[in-house]
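In full-length UniProt numbering, the protein residues as written are 1 to 320. Down below is the structure, laid out as C-alpha cells.
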C-alpha cells in the first residue's frame, strides 16, 4: 500500500512537471490577462477565448468556457477580473468530469482493442498497459495485430518480454483477424483475464482501415459475445488539434470507448485534453507522462486540473 502511495505521489509530481509548458501557455497567460485589471468587459472575454484556442482547447470548447464565465459572473455578481481565475478553474474541473473506469467482462477474458496512427506510441502504450494489469495480478496476453509492419510485431514482442506476458503473432502481412482469432483461442485455453490487441495504424486509406477493423471486431464478437470491452484510441498530445481530428475519425471508424493521451510531458498542447472532453465527448482514460513502465496511469480529472493550476493535494484540502 505504501509503495502504491509513493508511486502515485511520484506520478502526480511528474504530471505537474509534464504540464509546465501547457501551464506557461495557458494558465500563466490567463493570469497575465486577469492580474492588474479591475474591469470585466467584452475585451477581457475575447482575450481569454483567444488564450484558450491557442492552448488547443478547441474553438467550440473555448467558446463554451467563456460563455460559462459570463453566466457565473452575472450569477455571482462578480466585479473584479482576478475573481475569474477561480471560476475558470471550477468550469474546467466540471468539463473534465469524473474518473472513468475501464470496462471488463463479467466472465471470461476481457478484450481491449487498441487503435491509433503510426508514431503516437501505440505499441509502447500496449506494453505499459500490459505491465499495469500484470502488476494488478491479471493474466495478460498481447495480440500483434499490426501485421503490416514487421517492426510493430518485433516491438510488441520486446514489450511483451519486458512486461512478462505472452505475445500471439503471425508473419508480416498476415490477416489481422486471424491473429485476433488465435489470441482469443489462446486466452480461452490458458485462462487469461485480458487480451490487448494491437491494430494497424494506417490512415491514408480510410476504407481499408475501416474494413479491417470491422473484420477484426466481427471475429472478436463471434468468439466472445459482448467484446471488445474497450476500444482505446492512442493520441499524441504534442499534435494538439491534429489529435482532435484523429479522434473524430477513429470514433467514426472504430467506435472508440476511451482515449490514451501520450507524451503529455514536454508539450504546450495539454489543453487538448479539454478539447477532447468538450468537443468529442470520449473520455480520456489513461495519460502518459514519461518513458518509464510506470509512467502510464489512469486519468484522474481532479489531479489533472490541480496539476494544470499548479496545486498540491494539500492546497486543495486547505481550500476545502
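Backbone N, C-alpha and C define an ideal beta-carbon position, used for all residues, glycine too. Everything numeric in this text was worked out from a predicted model, so none of it was measured.
Per-residue DSSP class, three states only, for residue i
i	result
residue 176	helix
residue 96	helix
residue 285	strand
residue 193	coil
residue 57	coil
residue 310	coil
residue 80	coil
residue 117	coil
residue 297	strand
residue 261	strand
residue 110	strand
residue 224	coil
residue 230	strand
residue 143	strand
residue 235	strand
residue 132	helix
residue 317	Because the pLDDT of residue 317 is 40, which lies under 50, any placement of that residue in the model is unreliable, and the question is left without a value.
residue 291	coil
residue 153	helix
residue 73	helix
residue 167	strand
residue 182	helix
residue 2	Bear in mind that a pLDDT of 41 at residue 2, under 50, signals an unreliable position, so the number given afterwards is only what the model happens to contain. Residue 2 falls in the helix class under three-state DSSP.
residue 137	coil
residue 21	helix
residue 11	helix
residue 214	helix
Neighbourhood of residue i by C-beta distance below 6 Å, restricted to the same chain and skipping five residues each side
i	result
residue 265	18, 289, 290
residue 37	81
residue 72	87
residue 15	289, 307
Beta-carbon separation (whole angstroms), residue i vs residue j, contact threshold 8 Å
i	j	result
residue 55	residue 12	Actually they do not touch by this definition, with Cβ atoms about 21 Å apart.
residue 34	residue 85	6 Å
residue 160	residue 130	7 Å
residue 142	residue 167	5 Å
residue 215	residue 177	5 Å
residue 162	residue 127	6 Å
residue 181	residue 223	7 Å
residue 279	residue 244	6 Å
residue 188	residue 109	7 Å
residue 57	residue 271	4 Å
Contact check, residue i vs residue j, beta carbons under 8 Å
i	j	result
residue 229	residue 118	no
residue 145	residue 197	yes
residue 140	residue 125	no
residue 59	residue 48	no
residue 236	residue 262	yes
residue 333	residue 254	Any property of residue 333 remains undetermined from this structure, which presents the chain solely from 1 to 320.
residue 258	residue 100	yes
residue 179	residue 169	yes
residue 40	residue 78	yes
residue 98	residue 301	yes
residue 62	residue 52	yes
Among the options, the one whose alpha carbon lies nearest that of residue i
i	options	result
residue 96	24, 275, 251, 108	275
residue 121	239, 272, 299, 269	239
residue 285	245, 232, 308	232
residue 116	227, 22, 201	201
residue 21	191, 299, 268	268
residue 111	42, 287, 219	219
residue 190	165, 199, 31, 227	165
residue 28	106, 105, 10, 89	89
Own chain, CB closer than 8 Å to residue i, minus 5 neighbours either side, in chain order
i	result
residue 313	Unreliable placement is indicated for residue 313, whose pLDDT of 44 sits below 50; the coordinate value is still reported in the next sentence. Excluding positions up to five away in sequence, the list reads 12, 306.
residue 247	233, 235, 256, 259, 276, 280, 282
residue 225	none
residue 45	66, 69, 70
Cutoff 7 Å; reference residue i; Cβ partners in own chain excluding five residues on either side
i	result
residue 132	296
residue 23	308, 310
residue 138	193, 194
residue 155	123
residue 64	278
residue 221	227
residue 252	none
residue 43	none
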